[in-house]
Amino acid sequence: MTKRPAQSPRMTPRMAALNLLNQVLVEHRMISEVMGHTLAKLDPADRARAQRLAVDTLRGLERADKLLSRHLKKNPPMAVRNILRLGAVELALGGDAHGVVNEAVNMTSRNKRIQSMKGMVNAVLRRVAESATEDWDNLRAPRMPRWLRDPLIEGYGPDDVARMEQAHFAGAPLDISAKSDPQAVCDALGGELLPTGSVRLADAGQVSALPGFEAGDWWVQDAAAAIPAKVLKVQPGEAVLDMCAAPGGKTMQLAAAGADVTALDVSANRMERVQENLDRTGLTATLITGDALEHTGQYDAILLDAPCSATGTIRRHPDLPHAKDGSDFWQLFQLQAQMLDHAVSLLKPGGRLVYATCSLLPDEGECQIEEALSRHKGLTVDTEALDLPGIDPDWRTPEGGLRLLPGYWRKQGGMDGFYVACLRKA
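Each residue of the sequence shown is one higher than the one before, starting from 359 at the first, in the numbering used here.
Structure, rendered in structure tokens:
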């Protein structure tokens, strides 16, 4: 009789979450890069659960390690550590101890290199389970790694950095930009209308099932990310360039204001998302896929949301501090300066340029503007452009921009870290 080959075990959300965790912590890859392939075999509900487990574990990694260290004499191999971390976080957040521990043991057993440690995994997680929730709540908010924390303390001081870390650990609610009537969207969704006009939902659920999604009444966009387009203050009929357009939130803001928008991005795949979003909302823009540094034309206004470290988005992307180490950021700083210079050349006389980055690093914000002003005679900062509803005077910076930090709006759920400045060409 022919022996059938052994079948691989069915992928579970915990197995998929462990796979994501290993790719971030061992291979130093972002979840967004690997999620599609890793979660492909799961149904939508299990995909969401796997992603949530991985994100929760990354967000609470320092706490998980402290809980585990009480029951470990030495650090086990990384493959075992990540199984333990995943289990410890799920236990601390109220997971069923029997299910969590059993599957952690099973995942250890299936890996020939570490299967001899399944007894240790079982014993450690059972001890953690005895007081996981209480112990978890008594630990500090996890800190950013030193490569990021040290320069931020130098730039902002320990108190602001501590507030950032609290915001990162708390995670991010869902923010929405309305196509026309924020209050009506807020009422329809039962959300909170933020001071700058964005709508915030504490517990959104499935986004595409929310009222107004299919009708195109709104799109998902963090409240901080919505500010740069507001600062540009486009007028109907103006020729406007969205220089790094994908995934399209700012393009839709500009189009909804009546501008003649050209949306430019180097990624064809990401530009497909921009077109999908425009189609859903019934808005129009001219889409161009290409290198921003090679683009030609003359515009009344330009929005440059430049490629950056994305360190301002850690509260929604807790994998970033573990997947990156800051070693390649200097290349981004150079690219930002080149794009700023090229954007200035595309402005008509008297035109205005909003420069923005979703970064916490002054090198990608304040410093870029100071250096651009020194390179371009006749270029000035338009501080009056920042006079908008909801903009706190304390957010303004000495060179004339806005510095937004995750610890702001703490009671409402924070915001992404951002830098925004408006420049005018003579």
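Using N, Cα and C, we set each Cβ at its ideal position, and we do this for glycine too.
query, result
"The beta strand (DSSP E) spanning Cys780 covers which residue range?", "776–783"
"Select from Gly736, Pro751, Glu448 the residue whose C-alpha is nearest the C-alpha of Glu742.", "Pro751"
"Please list, in chain order, all residues of the same chain as Ile472 whose beta carbon is under 7 Å from its beta carbon, the five residues on each side excluded.", "Pro435, Ala437, Val438, Thr466"
"Pairs of beta-carbons, one from the stretch 488–508 and one from the stretch 671–688, closer than 8 Å: are there three or more?", "yes"
"Measuring CA to CA, which of Met601, Glu572, Lys537 is closest to Ala621?", "Met601"
"Assess contact between the stretch 370–389 and the stretch 442–450, defined as three or more Cβ pairs (one per stretch) separated by less than 8 Å. Is contact present?", "yes"
"Rounded to whole angstroms, what's the CA-CA distance from Trp577 to Gly453? Just pull it up for me.", "33 Å"
"Nearest by alpha-carbon distance to Gln409: which of Asp677, Ala487, Pro756 is it?", "Asp677"
"Going by DSSP, what residue range makes up the alpha helix (DSSP H) through Gly513?", "504–514"
"Using 8 Å for Cβ pairs, my map puts Ala536 next to Val557. What's the rounded Cβ distance?", "6 Å"
"One question on the structure: do Pro553 and Pro747 come within less than 8 Å of each other, judged by their Cβ atoms?", "yes"
"Could you tell me which of Pro605, His526, Lys588, Met629 sits nearest to Ala615, measuring between CA atoms?", "Lys588"
"Following the continuous beta strand (DSSP E) through Val598, name the residue where it begins and the one where it ends.", "597–600"
"Which term fits His395, buried or exposed, when burial requires 16 or more other beta carbons within 10 angstroms of its beta carbon?", "exposed"
"What first and last residue would you give for the beta strand (DSSP E) that runs through Lys706?", "705–715"
"How about Arg421 and Pro500: do their beta carbons lie closer than 8 Å?", "yes"
"Which residue from Phe571, Lys591, Phe776 puts its Cα closest to that of Leu719?", "Phe776"
"To the nearest angstrom, report how far apart Gly555 and Val463 are at their CA atoms.", "49 Å"
"Spatial neighbours of Ala664 within its chain, please: CB distance less than 6 Å, with the 5 preceding and 5 following residues excluded, ordered by chain position.", "Gln694, Met697, Thr715"
"Only counting the same chain, and skipping five residues up and downstream in sequence, which positions put a Cβ closer than 6 Å to that of Asp580?", "Asp533, Asp774"
"Output the residue ranges of the beta strand (DSSP E) runs that lie fully inside the stretch 707–768 and measure 3 residues or longer, sorted by chain position.", "737–739, 760–762"
"Going by C-alpha distance, which of Leu397, Gly758, Ala597 is nearest Ala730?", "Gly758"
"For the candidate residues Arg372, Thr609, Met475, whose alpha-carbon lies nearest to that of Ala406?", "Arg372"
"Tell me Thr609's beta-bridge partners as DSSP assigns them.", "Beta-bridge pairing links Thr609 to no other residue."
"Quick one: what's got a C-beta closer than 7 Å to Met629's C-beta in the same chain, skipping five residues either side?", "Ala604, Asp623, Leu645, Thr647"
"Near Thr491, which residues of its chain fall below 7 Å by C-beta distance, leaving aside the five closest residues on each side in sequence?", "Ala450, Gly452"
"Can you list, in chain order, the residues of its chain with a C-beta nearer than 8 Å to that of Tyr766? Leave out the 5 residues immediately preceding and following it.", "Asp750, Trp753, Gly772, Met773"
"Using three-state DSSP, classify Ile660 as helix, strand or coil.", "strand"
"Is it true that the CB of Glu448 sits closer than 8 Å to the CB of Leu411?", "yes"
"Taking the beta carbon of Thr654 as the centre, do at least 16 other beta carbons fall within 10 Å, making it buried, or is it exposed?", "exposed"
"Could you spell out the range, first to last residue, of the beta strand (DSSP E) harbouring Asp533?", "532–536"
"Using only the alpha-carbon positions, how far apart do Val482 and Leu426 sit?", "7 Å"
"Is any heavy atom in the ligand PLP found nearer than 7 Å to the beta carbon of Cys725?", "As presented, the structure is devoid of all ligands, the ligand PLP included, so that no description of it is given."
"Comparing alpha-carbon positions, which option in Glu572, Leu378, Val565, His734 lies nearest Val392?", "Leu378"
"Is it right to say Lys399 is buried, meaning 16 or more other beta carbons lie within 10 angstroms of its own, or is it exposed?", "exposed"
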